[in-house]
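If you use the numbering used here, the sequence shown closes out at 177, no skipped numbers anywhere.
Structure first, then comments.
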Amino acid sequence: MAAAAENIPKVLAKLQWMRDQQIWPNGLRYLWTDAHGVCLLLSLYKELQDEKYLKEAESVVADVYRVLGRPRGLRIGEEPDRDGQYYHYLTKWMYALHQLGKVKPEYHERAVKLAKDVHHAFYVPGVGVRWKMMEDLSGPYPVRLWFTSPISGLE
């Protein structure tokens, strides 16, 4: 804990810089960044026992669902080219919700619901898990020429 406590002033300074530059959490929504940010805010809440970090984590979650939420799942980001859904982004988000759920159980329930809502769209029996799906989860994301990775994670 001592090493973590030594780094808190640096972390708080960097977080303030990101706020001042409108990078995060007050910039455009991006699921991967927001998942990591929720975990950061929860860590600050636990270390400093300051409710404002817990409230801010909940605020980020609300913003993510407001901006990125879809009937089934969450799109990658707010920018037009951040469409579709990545399985690894969704699982990182589920992890962040689970961590928040250790403090407020309703968030754990949201993580489980998200897993149940999206997993079957990504999972291909006998093959593996698709890497990216269309925003509405109606099918795999179309491969573009600049892709160097296969559309399915295990193909």
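C-beta atoms are modelled at their ideal positions from N, C-alpha and C, and glycine is treated no differently.
Do you know offhand how far residue i's Cα is from residue j's?
| i | j | result |
| --- | --- | --- |
| lysine 68 | histidine 142 | 34 Å |
| asparagine 48 | leucine 112 | 21 Å |
| aspartate 72 | isoleucine 30 | 13 Å |
| lysine 158 | lysine 77 | Lysine is not the amino acid found at residue 158; the sequence shown has aspartate there. Taking the straight line joining both Cα atoms gives about 30 Å. |
| glutamine 121 | aspartate 56 | 13 Å |
| tyrosine 163 | arginine 104 | 12 Å |
| glycine 91 | tyrosine 145 | 21 Å |
| arginine 88 | glutamate 101 | 14 Å |
| valine 125 | leucine 62 | 14 Å |
| leucine 96 | tyrosine 117 | 14 Å |
| alanine 79 | glycine 59 | 8 Å |
| tyrosine 75 | glycine 123 | 15 Å |
| glycine 150 | valine 140 | 14 Å |
| glycine 106 | leucine 34 | 33 Å |
| isoleucine 45 | proline 147 | 40 Å |
| isoleucine 98 | tyrosine 108 | 7 Å |
Taking only three categories from DSSP, how would you classify residue i?
| i | result |
| --- | --- |
| valine 125 | coil |
| leucine 96 | strand |
| glycine 59 | helix |
| glutamine 44 | coil |
| glutamine 71 | coil |
For residue i, which residues does DSSP report across the bridge?
| i | result |
| --- | --- |
| lysine 154 | Tyr108 |
| proline 162 | Met155 |
| valine 146 | Gly150 |
| glycine 91 | Leu96 |
| tyrosine 52 | Gly99 |
Applying the 10 Å Cβ sphere with the 16-neighbour rule, what's the burial state of residue i?
| i | result |
| --- | --- |
| glutamine 43 | exposed |
| lysine 114 | buried |
| valine 165 | exposed |
| alanine 133 | buried |
| tryptophan 153 | buried |
| leucine 176 | Residue confidence is low: leucine 176 scores 44 on pLDDT, short of 50, so the model does not pin down where it sits. No coordinate-derived value is stated. |
| arginine 51 | buried |
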